[in-house]
Amino acid sequence: MIPFFHDYGNIKGTTMKRSILALASGAFVLGAAEFVMMGILPQAAAAMGVDIPTAGNYISSYAIGVCVGTLMLVFGRRVPPKKLILLFMAITLVGNLLSAVALNSPMLIVGRFISGLPHGAFFGTATLIAKTLADKGKEAQAVSMMVTGQTVANMLGVPAGTMMAEFMSWRLAFGILAAWAAMTVVLVLAWVPRVEPIKDAGLAGQFRFLKKPGPWMVLIAVFTGNAGIFCWWSYVSPWLTEVGGYASGVVPLLMMLAGFGMVVGGLVGGRICDRWRHAGTAALGQAVSGIGLLFVFLVPGSPVICAILTFWIAFGLFFVSSPQQLLMAEAGKGGGELLGGATVQVAFNFGNAVGSIIGGAMLTVSGMNYHYPRTRRSAAGGDRRGAVGAVLAPLRRQRSLRSAITMIQWAG
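Just so we're aligned, residue -7 is where the sequence shown starts under this note's numbering, counting upward by one.
#1: Can you tell me where the alpha helix (DSSP H) holding F159 begins and where it ends?
#2: Alpha carbons only, please: which of T119, G68 and I221 is nearest the one belonging to F342?
#3: Identify whether L10 lies in helix, strand or coil by the three-state DSSP scheme.
#4: Shortest alpha-carbon distance to S229 belongs to which of M320, C59, P73 and T302?
#5: On a Cα-Cα basis, can you pick out the residue from W231, M254, F252 and G253 that is closest to V243?
#6: Taking 8 angstroms as the threshold, find out whether the stretch 28 to 47 comes into contact with the stretch 199 to 210 through three or more Cβ pairs.
#7: When the Cα of P185 is compared with those of V357, L15, F310 and S97, which residue comes out closest?
#8: What separation, rounded to the nearest whole angstrom, lies between the Cα atoms of V255 and A39?
#9: Measure from the alpha carbon of Q133 to the alpha carbon of each residue in W224, F159 and V260, then state which is nearest.
#10: Exposed or buried, which one is K130 when buried takes at least 16 other CB atoms within 10 Å?
#11: Distance check for A274 and G253, CA to CA, integer angstroms please.
#12: Would you mind working out which of V71, G48, M155 and T124 sits nearest I350, comparing C-alpha positions?
#13: Here's a check: name, in chain order, each residue in its chain whose Cβ is nearer than 6 angstroms to the Cβ of G87, leaving out the five neighbours to either side.
#14: Using only alpha-carbon positions, find the residue among G332, A170 and L100 that is nearest to W208.
#15: Could you give the residue range of the alpha helix (DSSP H) that holds R200?
#16: Within this structure, are the beta carbons of I83 and N344 separated by less than 8 angstroms?
#17: Provide the residue span of the alpha helix (DSSP H) that contains W183, from first to last.
#18: Quick check: the Cα distance between P45 and G347, rounded to an integer number of angstroms?
#19: Please state whether the Cβ-Cβ distance between T124 and G251 is less than 8 angstroms.
Written out as C-alpha cells, the structure reads:
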C-alpha cells in the first residue's frame, strides 16, 4: 500500500494507484538521471580528466537536452499520451546507457544530452494523465504523487548513486538507471490506461497560449528562481566537503537528507495547492528556498548549518513543483496542455543550466571558494550580486506568479 494514496478521490481506485505508480517510476528514473551527477561530479570529473567547473557541463548538457526535447510534443500532439510515455522511457534508456559506457568527456556530454531529451516532455504528458484520472479538486495531489517519484529519486536514488561512485564506480549508477527505464516501460504497458490525445489545435494552435503575457511571466519566474538555486545545488557535493567539513563518504547520507526534503516539500506543496491559490503556493516555496540561499551566502559554514540548509532549500525546490505544473497546464487549455506542462520543465532546466554555468564560473574566478567570508575582494563583488539575485528572484517570482494567475484567469 502506497501511504500517499489515501482520501484522494479516484486515487483510491486500483487503476489510479497503479497508473500513478508507473508514472512515478518514470519520474524516478528521470529525477535520478537529472540530479545524480551532482553527487558523483568529483568522480566523473576525475575519470574524464577535467576539473570540477568544466565537469559542470555534464549537468548543463542534460538541462539543454530538456529544452530541446520538449519540441517532440509539437509533433506528437496526435499520439496517445501512453505511447508518448513509452517513447520517452526508451530514449531515457539509450541516454543513460551511453553515459554509463562513455569513453571521454564529449561522449559523456552527448549521453547526458540524450538523457535529458524526454524530461520535460515526460512531465508534461504525465501531468495530463494524472489530471485526467483524478477527481476535480484533487489534481494537484495527483500531480504531486507522480512527481514524488522524482523526489524519492533524490532521497534514495541519488544517494545510492553517490555511494556507488564512492565505493564502486560512478558508471554503475547510469547502468542501473538504464535498467530502471526498461522496467518502467513494462509498468506503463501493464498499468497505465489509454488516455485520449488532447484536442488537436494544429501546429500553431499549440502555441496560442503563449500569446498571453501571464504564461511568460510564470516561465521567467521559474527560470530565475531555479538559476539561483542551481548556482549552489550543482556543486553541493564539494560544498558539503569544503564548507561543511564532511568526509566524502558522508555525502550520500546528506544527499538522502536533501531527497527527504524534496519528498516532504512536494507532498506538502501539493496539499496546500489544492486548498490555496497555485500562484501563492509557488511563491511561498520559492521564498523558502531564497531565504535558504541567503543563509548559504552569509552564515559561516558548519556541519550542522550545512545539513539544515541542504534540507531547507531542497524542501522549497520541490514545494513549487505541483503549482508550477498546474499553472501552465491550465494556461494551455484548448490544445496546448502538453506544451504548457512541459514548458515549466524547460524553464526549470534552462535555469539549471544557466545556474550551473554561473556557479562554475564563480568558483573558477574565486579560486574554488564557496562562501562569502572566504572570498577574495574581486570575487566578493560577484558573490554580492549573486546574493542580491537570490533575494530578488523569489520576490520577482511572487509578483510574477500573482500577475500571471490573474491574467490567466482573466483571459480564461
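Yeah, the Cβ is synthetic: ideal placement off N, Cα and C, and Gly gets one too. As the structure is a prediction and not an experimental result, all values here were calculated from the model.
Reading off the structure:
#1: Working through the sequence shown from its first residue, we reach residue 159 at position 167. V150 to F159 is the extent of the alpha helix (DSSP H) around F159.
#2: Within the sequence shown, numbered from 1, the residue matching residue 342 stands at position 350. F342 has its Cα closest to that of I221, out of T119, G68 and I221.
#3: Mapped onto the sequence shown, residue 10 falls at position 18. Note that residue 10 corresponds to Arg in the displayed sequence, not to Leu. In this structure, R10 counts as helix in the three-state DSSP scheme.
#4: Here residue 229 refers to the residue found at position 237 of the sequence shown. Measuring from the Cα of S229, the nearest candidate turns out to be T302.
#5: Along the sequence shown, read from residue 1 onward, the residue named residue 243 stands at position 251. Nearest C-alpha to V243: W231.
#6: no
#7: Walking along the sequence shown from the start, residue 185 turns up at place 193. Residue L15 is the option with its Cα nearest to P185.
#8: As a position in the sequence shown, residue 255 is number 263, starting the count at 1. As a position in the sequence shown, residue 39 is number 47, starting the count at 1. Rounded to whole angstroms, V255 to A39 spans 32 angstroms at the Cα level.
#9: If you number the sequence shown from 1, residue 133 lands on position 141. The candidate whose alpha carbon is nearest that of Q133 is V260.
#10: Position 138 of the sequence shown, counted from the first residue, corresponds to residue 130. K130 is buried by the Cβ-count criterion.
#11: Position 261 of the sequence shown, counting from 1, holds the residue named residue 253. Position 282 of the sequence shown, counting from 1, holds the residue named residue 274. Separation of G253 and A274 (C-alpha to C-alpha, rounded to the nearest whole angstrom) is 16 angstroms.
#12: Sequence index remark: in the sequence shown, residue 350 carries index 358 (1-based). Comparing Cα positions, the closest option is G48.
#13: As a position in the sequence shown, residue 87 is number 95, starting the count at 1. Closer than 6 angstroms at Cβ, skipping near neighbours: G103, I106 and S107.
#14: The count along the sequence shown starts at 1 and reaches residue 208 at position 216. Selected option, being the one with the closest Cα: G332.
#15: By 1-based counting over the sequence shown, the position of residue 200 is 208. No alpha helix (DSSP H) holds R200; DSSP gives it neither H nor E.
#16: Here residue 83 is taken as the residue at index 91 of the sequence shown, counted from 1. Here residue 344 is taken as the residue at index 352 of the sequence shown, counted from 1. No. Outside cutoff.
#17: To locate residue 183, count along the sequence shown from 1; it is residue 191. Here the alpha helix (DSSP H) through W183 covers W162 to W183.
#18: For the purposes of this step, residue 45 is taken as the residue at position 53 of the sequence shown. For the purposes of this step, residue 347 is taken as the residue at position 355 of the sequence shown. Near 12 angstroms, if we compare the C-alpha coordinates of G347 and P45.
#19: Residue numbering aside, residue 124 sits at position 132 when the sequence shown is read from its first letter. Residue numbering aside, residue 251 sits at position 259 when the sequence shown is read from its first letter. Not closer than 8 angstroms, so no.
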